[in-house]
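Structure first, then comments.
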Amino acid sequence: MAAFGVGSVWLSLGLTLLLQVPCLANPVQPRDRVPDGYYAPPYYPAPHGGWVPSWQQSYAKAQKLVSQMTLAEKTNITGGVGMYMGPCVGNTGSALRLGFPQLCLQDSALGVASTDHATAFPAGITTGATWDKQLMYARGVALGKEFKGKGANVYLGPTVGPMGRKPLGGRNWEGFGSDPVLQAVAGAMTIKGVQEQGVIATIKHLIANEQEMYRMYNPLKPGYSSNIDDRTLHELYLWPFAEGIHEGVGAVMSAYNAVNGSACSQNAYLLNGILKDELGFQGFVMSDWFSHMSGVPSALAGLDMSMPGDTMLPLSGTSYWKYELTRSVLNGSVPLDRLNDMATRIVAAWYQLGQDQNYPRPNFSANTKDKNGLLYPAAVLSPIGQVNWFVDVQADHYLVARQVAQDAITLLKNQESLLPVAPSSHITVFGTDAAVNPDGANACGNRACNKGTLGIGWGSGVADYPYFDDPITAIRKRNANVTFYNTDSFPNNLATPSDDEIAMVFISSDSGENTFTVEGNHGDRDSSKLAAWHNGDELVKRAAAKYKNVVVVVHTVGPLILESWIDLPSVKAVLFAHLPGQEAGESLAGILFGDVSPSGHLPYSITKSASDYPDSIANLRGYALGQIQDTYTEGLYIDYRHLNKAKIQPRFAFGHGLSYTTFNFSSASIRLVTELSPVPPPRPGKAPVPSYSTDIPPASEAYGPTTGFNYIWRYLYSWLPTSEADSARAIGAAGKDKYTYPTGYSETQTSGPESGGAEGGNPALWDVAYEISVTIRNSGDKFRGKAVAQAYVQFPAGIEWDTPVIQLRDFEKTDVLEAGGGEETVTLRLTRKDLSVWDVRAQNWVVPKVDGRYTVWIGEGSDRLFLACYTDTLTCEAGLESPV
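Residue numbers (numbering that gives the first Met the number 0): 0 to 883.
Structural data, given as structure tokens:
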């Protein structure tokens, strides 16, 4: 989510007061011109929800409840009551008369934010680096239990956008890696785990928020426009969203930026056309915090919930919806049919997750750590009461967090088998990243500093550490012969070390949300670039000049350029520990001292130079007058896809990861499961959906209380003064056209595109076409270990579509395989969609050559593929050279 962490909005209040302008609900001004070929076509009306069989029972319940709501109750639940106007980062209105509560929406994607007694799990990028579906799911289960235990109805995660298109992107670490399938699997497994606990998950950010700087609209300047062609949108950036929707996710959050010139929060093609019709999304769409920018246009375009309810100018007590949405329905500018669907989608998600059955209310406050506090902090003159009950929801979730952190640690280099180190080794540790922030693990609000061990990035995607297990403490538990220099400057006049002494150098690289600037980095790594922070690269080089055995441990949000030291003879081992959360110490020590063998693999590529990528990927977009245009000229070719096409050898490839042992892949076989056709079979039709009267309701349904009710200043209500309600109703009753509707506007529901038909798209896209089995054996004789089988598809030669050389399509991680021959057979699956391309003319998924040779490459990384299976002959062979 959310652009603003607790407290940060106050920083902009002075500007807010200066910039308040009237008529905030006016239609959005004409768009800046985007490059030719990029277009956001109109798509109306917003499709009704409820036509997917798995949601019909929840929609029937929702229809019964919503049909009893007044107009003001319907508009009340579609918007937040204002920033800092409740216990959670987002708080909807309610319909308490009917038993529908205020919903609590809470950050973050890695833990319950801004509260106590909750686990700070490893970040998304760390989770992706495990390449372990079961761990991804287990983390989701633990997250769901903690959010429910705190009384949060809506978990604002997982993050699958940004994709990590730009290595410098500030929030890449919140997602799972720079590949659509890795993102999709991790996102879907997270959703499954969270929602099985009864918590509504929110997949975000739709879509193409690939850079932090200049992402946000404000009254003076629009956010940048991500300009994406239709095929790239479907095959890359929408892929993980489709998988999350296929899993049944209850909510989607729109992004701050525009796509093809149209802001995501009111982009009718994205929300109505793709999300709700083509992908069959049945839940509700919320805006990111303060990305809502209009009244009528956003409602017509498919937005269902405004968060946190304020206009783009927060704490002014004004809203584009709430009372304004009530007015718009009464005067006829927003059809009641649209409002009914908005309310029904929200209530249906509540029923779908079983939250009508004794779901706990919030027992924490995101606004204060004290037991008692302001109930409505933004009101200033707020009643005071108990706001925190200090409920401990951690259980034994530290075990899941530690396992994720440990299994993500990626061994990139281990010359002379320097690792693991013996407990008796003489170890000298360098770098402030080895020890917890001396001011306290939570000393920097929203973790907006890089001081001490880097466990997570900064911004809204963080959680408070209940404790912080740092590396130096864990190392000293294993080895009494440790010297620690808690500095990022190499000490002068060190005694000459013995030849067998080991130097461990800890370095880091941080990033986060654009709400904060840290050491000159405006969210994105625009200042530090791909270098280690705090002169970390120099620290490594100085240590390498002094010691003969150097281990480098890296805590980082993403790739770094390692060329200045990676080939130095004494730099014998390199570990990427990513962002481990609260369990940074024991997870790392277990690897360093050989309790377990490292099994993480890179979720992105590490290049030798930033210029190994094209400008559109390598560089951030700078300031420009008008709307900044960020055009995705590279198309499908990001990360390893680009490097393979350009024949550029990375330093470490996507999917790369070493172990203390070795593995042998053998006995591969492939079998046909489902015969394919060039296009999927016809989609299922839409089932009946809830229907309501479309007559404009009486003005009395919008009247607010006149006596016996204590209005809270700045709290956003959905009522109108009696005279304003009557006036609006009179306009609606007259039927006069008082609003210019968007080009292409219609109120006629359609049967939907052929590519749709169920959650995620045509259900046939998930038909398994081929299954591949491969036996993996631990061929080492000393260490136990886990292996990862990665399956990449190479499309047939001679087809009319340009496709990347190889594309990840599935992966599986083994259990621990015993040394000396422990083995396991894993199964990899390819679906119809895995073998399809998006045809922009047919507007459908197409198998380019049904009887052609699709080569399925299998190995341990995108550059270590040595086994191939063929779909035309259903044969496999080993001992091949990698295709890249």
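The C-beta atom is built at its ideal place from N, Cα and C for all residues, glycine as well. None of the values given here were measured: they were computed from a predicted structure.
The criterion of a C-beta distance shorter than 9 Å is not satisfied by phenylalanine 489 and lysine 450.
Only buried fits phenylalanine 120, as 16 or more other CB atoms lie within 10 angstroms of its CB.
Residue environment analysis places threonine 486 among the exposed positions, since fewer than 16 neighbouring C-beta atoms fall within 10 angstroms of its C-beta.
Threonine 343 sits in a helix when the DSSP states are folded into three classes. Fully contained in the stretch 622 to 648 are the following beta strand (DSSP E) runs of length 3 or more, in chain order: 628 to 630. Residue state for arginine 852 is assigned as coil, using DSSP reduced to three classes.
Counting only residues of its own chain and dropping the five nearest sequence neighbours on each side, methionine 215 has a CB closer than 6 Å to the CB of Gly222 and Tyr255. With fewer than 16 other beta carbons inside 10 angstroms of its own, asparagine 480 counts as exposed. Under DSSP, the beta-bridge partners assigned to lysine 220 are Asn217. With contacts defined by Cβ atoms closer than 9 Å, glutamate 518 and glycine 169 do not form a contacting pair. Ranked by Cα distance from valine 595, the first of Tyr603, Ser604, Glu585 and Pro602 is Glu585.
By the criterion of at least three beta-carbon pairs nearer than 8 Å, the stretch 684 to 701 is in contact with the stretch 55 to 68. Between the stretch 192 to 204 and the stretch 629 to 639 there are fewer than three C-beta pairs closer than 8 Å, too few to call the two in contact. A direct Cα-Cα distance of roughly 15 Å separates glycine 316 from glycine 92. A residue is called buried once 16 or more other Cβ atoms fall within 10 Å of its Cβ, and aspartate 801, having fewer, is exposed.
When Ala818, Leu879, Val570 and Tyr268 are compared, the shortest CA-CA separation from glutamate 537 is found for Val570. Judged by DSSP secondary structure, phenylalanine 146 falls within the alpha helix (DSSP H) whose first and last residues are 132 to 148. Judged by DSSP in its simplified three-state form, serine 596 adopts coil rather than helix or strand. By the CB criterion at 9 Å, alanine 257 and serine 225 fall inside the cutoff. Within the same chain, Pro679, Pro680 and Arg831 come within 7 Å of alanine 763 by CB-CB distance, once the 5 residues on both sides are set aside. DSSP places asparagine 843 within a strand segment (E or B) once states are collapsed to three.
The alpha-carbon separation between isoleucine 501 and glutamine 405 amounts to approximately 22 Å.
One alpha carbon belongs to glycine 78, the other to lysine 321, and they sit about 6 Å apart. Counted as a single uninterrupted DSSP element, the stretch harbouring glycine 458 is not any alpha helix (DSSP H), since DSSP gives it neither H nor E.
When DSSP reads this structure, glycine 858 sits in a beta bridge with Gln789 and Leu864. The distance from the Cβ of glutamate 145 to that of valine 392 is about 4 Å, consistent with a contact at the 8 Å cut-off. Sixteen is the threshold: when 16 or more other Cβ atoms of the shown chains lie within 10 Å of the Cβ of asparagine 445, as they do, the residue is buried. Of all C-beta pairs linking the stretch 654 to 674 to the stretch 405 to 420, three or more are shorter than 8 Å, placing the two stretches in contact.
If the five residues before and after alanine 877 are omitted, its C-beta is found closer than 6 Å to the C-beta atoms of Leu866, all from its own chain and listed in chain order.
Ranked by Cα distance from threonine 409, the options Leu493, Phe575 and Lys646 are led by Phe575.
Taking C-beta atoms as the reference points, serine 604 and serine 861 count as a pair closer than 9 Å. The three-state reading of DSSP puts cysteine 103 in strand, counting E and B together.
Between the alpha carbons of asparagine 387 and alanine 365 lies a gap of roughly 9 Å. When DSSP states are grouped into helix, strand and coil, histidine 554 belongs to the strand group. In the DSSP annotation of this structure, the continuous segment of the beta strand (DSSP E) that includes methionine 503 starts and ends at 501 to 508. According to the DSSP assignment, aspartate 809 belongs to the beta strand (DSSP E) that extends over 806 to 812.
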